[in-house]
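Input: a single structure, listed below in structure tokens.
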Amino acid sequence: MDFSLSEEQQLLQQTVRDFAQAEIAPHAREWDEKQAFPREIFTKLGALGLMGAVWPTEYGGAGLSTLDYAIVMEEVSRADAGVALSLAAHNSLCSGHIFLAGNEEQKKKYLTPLAKGEKVGCWGLTENSAGSDAGGTKTVAVKDGDHWVLNGSKTFITNASVADTAVVMAVTDKSKGKKGISAFVIERGTPGFRPGKKEDKLGVRSSDTSELVLEDCRVPAANLLGQEGNGFIDTLRILDRGRIGIAAWSLGIAQASLETSMAYAQGRRQFGHAIAEFQAIQFKIADMAVKVDAARLLTWRAAHLRDSGQEHTAQSSMAKLYASEIAVEVALDAVQIHGGYGFLKDYPVERYLRDSKLGTIGEGTSEVQRLVIARELMQLRGMVR
Ligand SMILES: Cc1cc2nc3c(=O)[nH]c(=O)nc-3n(C[C@H](O)[C@H](O)[C@H](O)COP(=O)(O)OP(=O)(O)OC[C@H]3O[C@@H](n4cnc5c(N)ncnc54)[C@H](O)[C@@H]3O)c2cc1C
């Protein structure tokens with residue numbers, strides 16, 4: 001067992017850290033306040049190869065491993081979790097679906113510009129009445145000659161109002177339940193397809209979150225992504241990777257909370273001492289560090305399992321569940337260590353706390369992760385119904 005990063009991985013980590021700290025972190029507060037999506041950053045991330053991090057070079061990607069991707073996600077999230085969330089939805093979900101299910105022509109046409117950062121992607125599964133129970137999708141796609149006609153709407157879609165390319169799930173055969181849901185790729189500007197309301201959010205405010213509306217939206221049959229009826233089945237496989245990304249994303253916030261707190265505790269003096277000298281503060285820092293390390297080990301293990309072709313559904317969910325829950329705890333401790341200043345916008349820890357909560361909700365809530373883990377451990381072995 002070797003827990004160290006290779007020289008290439010250390011270089012990747014340093015490169016992304018330098019970029020994120022120089023180009024993203026200084027603007028994070030402004031983007032958060034204005035709820036502004038910084039499109040230009042995504043062009044720059046594209047130039048660094050990070051908009052198609054894990055896809056093969058033949059599709060414009062950087063050919064990185066899942067562990068490399070986790071390193072990237074942690075570093076970007078440390079600087080601005082909103083930017084990192086949009087990057088995650090673009091990479092793991094939208095591009096991930098096209099890479100997994102797309103045919104050669106679709107990969108060339110849609111994945112390549114996404115991987116290069118020329119286009120931004122979004123992925124629409126969730127609906128008003130289909131959240132955790134995403135199999136309850138109501139959006140429909142009806143075959144009409146050599147076209148499909150889609151009607152319905154998607155809620156909470158990351159990048160929806162800025163995306164050039166969307167992957168959307170719709171029911172193509174109601175009688176088949178989850179096996180009657182298919183995926184479609186739709187481009188911005190397609191008649192009948194538009195972003196709806198932009199949400200005003202607690203956190204990750206530099207990430208765009210909007211509705212997607214489909215009104216008699218006609219797409220050619222060639223836009224069906226993967227096999228008809230396989231949209232939901234492919235989704236489960238896509239989330240296996242996605243959840244490793246969200247674990248790493250949470251880790252970035254937790255690491256930022258820990259480092260900011262250590263620096264603050266050294267500088268802040270009370271009772272004639274730096275508060276870092278008080279054991280109560282040291283114990284908090286120690287507990288935060290243990291949680292961050294444990295989350296990183298779970299995240300990297302899940303990435304390693306995926307990279308070595310091993311089963312990793314439960315391990316991805318474990319990493320996502322633990323990392324997202326501890327990110328909230330660690331961010332909360334960071335606010336406490338900052339005292340009253342932690343409550344002000346002048347310090348980043350209040351943003352870390354607001355941002356961290358999304359990790360326990362997006363790509364499956366903590367409760368859903370527990371269901372997945374229990375199912376993998378017990379149901380699949382016939383131990384429970
Ligand atoms: C900022 C943001 C970005 C997002 N981006 C995307 C995106 O890009 N694409 C996309 O498709 N979706 C996206 N989502 C949607 C997200 O995946 C859902 O919000 C999430 O899956 C939960 O669904 P819900 O909000 O409908 O909650 P609900 O499913 O209504 O859940 C409400 C509560 O009930 C609990 N619950 C539900 N079912 C069970 C059960 N069986 N057992 C125990 N507890 C249960 C939940 O854990 C939760 O605590 C995003 C959400 C947010 C907030």
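Numbered according to our numbering, the sequence shown terminates at residue 385, and the numbering increases by one at each position without gaps.
Ideal Cβ positions, reconstructed from N, Cα and C, are used throughout, including at glycine.
Could you have a look at residue i and say whether DSSP puts it in helix, strand or coil?
i: F283; result: helix
i: V144; result: Reading off the sequence shown, one finds Asp at residue 144, where the question assumed Val. Three-state DSSP puts D144 in a strand.
i: V123; result: What sits at residue 123 in the sequence shown is Trp, not Val. Correct three-state label for W123: strand.
i: L150; result: strand
i: A36; result: coil
i: F19; result: helix
i: A160; result: coil
i: A274; result: strand
i: R100; result: The displayed chain sequence assigns Leu, not Arg, to residue 100. It is helical.
i: L48; result: coil
i: A130; result: strand
i: T66; result: helix
i: T137; result: coil
i: T360; result: helix
i: L380; result: helix
i: L298; result: helix
i: T43; result: helix
i: L388; result: As shown, the chain starts at 1 and ends at 385. That puts residue 388 outside it, with no answer to give.
i: L5; result: coil
Over what stretch of residues does the alpha helix (DSSP H) that includes residue i continue unbroken?
i: L212; result: Careful: L212 lies outside any alpha helix (DSSP H), inside the beta strand (DSSP E) at T209 to P220.
i: S389; result: Because the chain spans 1 through 385 in this model, residue 389 falls outside it and cannot be assessed.
i: S356; result: V349 to S356
i: V83; result: A81 to A88
i: I244; result: G231 to G267
i: P56; result: Segment: none, P56 is in no alpha helix (DSSP H) and carries neither H nor E.
i: P113; result: T112 to A115
Do residue j and residue i have their beta-carbon atoms positioned less than 8 Å apart in this structure?
i: Y264; j: I326; result: no
i: G226; j: A280; result: no
i: C122; j: I157; result: yes
i: M51; j: G124; result: no
i: T165; j: K154; result: no
i: A331; j: A295; result: no
i: V292; j: L251; result: yes
i: L48; j: F3; result: no
i: R301; j: Q315; result: yes
i: T190; j: A141; result: no
i: G117; j: F42; result: yes
i: L214; j: G192; result: yes
i: P390; j: H147; result: The first residue shown for the chain is 1 and the last is 385, placing residue 390 beyond what the model contains.
i: T313; j: E376; result: yes
i: M262; j: I285; result: yes
i: I69; j: L111; result: The sequence given here places Tyr at residue 69; Ile does not occur at that position. No, the pair does not count as a contact, with Cβ atoms beyond the cut-off.
i: I181; j: C217; result: no
i: A334; j: Y352; result: yes
i: G203; j: D80; result: no
i: L100; j: R237; result: yes
i: D200; j: S86; result: no
i: W249; j: A62; result: no
i: S175; j: F37; result: no
i: K357; j: V384; result: no
i: R391; j: A163; result: Coverage of the chain is limited to positions 1 through 385, which leaves residue 391 absent and any answer about it impossible.
i: A254; j: T66; result: no
i: G135; j: S129; result: no
i: S308; j: V372; result: no
Report buried or exposed for residue i, applying the criterion of at least 16 other Cβ atoms within 10 angstroms of its Cβ.
i: F232; result: buried
i: A319; result: buried
i: N159; result: buried
i: Q270; result: exposed
i: G177; result: exposed
i: S210; result: buried
i: M288; result: buried
i: L380; result: exposed
i: M73; result: buried
i: E75; result: buried
i: S257; result: buried
i: D133; result: exposed
i: L344; result: exposed
i: A115; result: buried
Taking the beta strand (DSSP E) that residue i falls in, what are its first and last residues?
i: G196; result: F193 to K198
i: T165; result: T165 to V171
i: A183; result: I181 to E187
Exercise for the section: Could you pull out every unbroken beta strand (DSSP E) segment of at least 3 residues lying fully inside the region 311-347, listed in chain order? Expected result: Here no run is fully enclosed.
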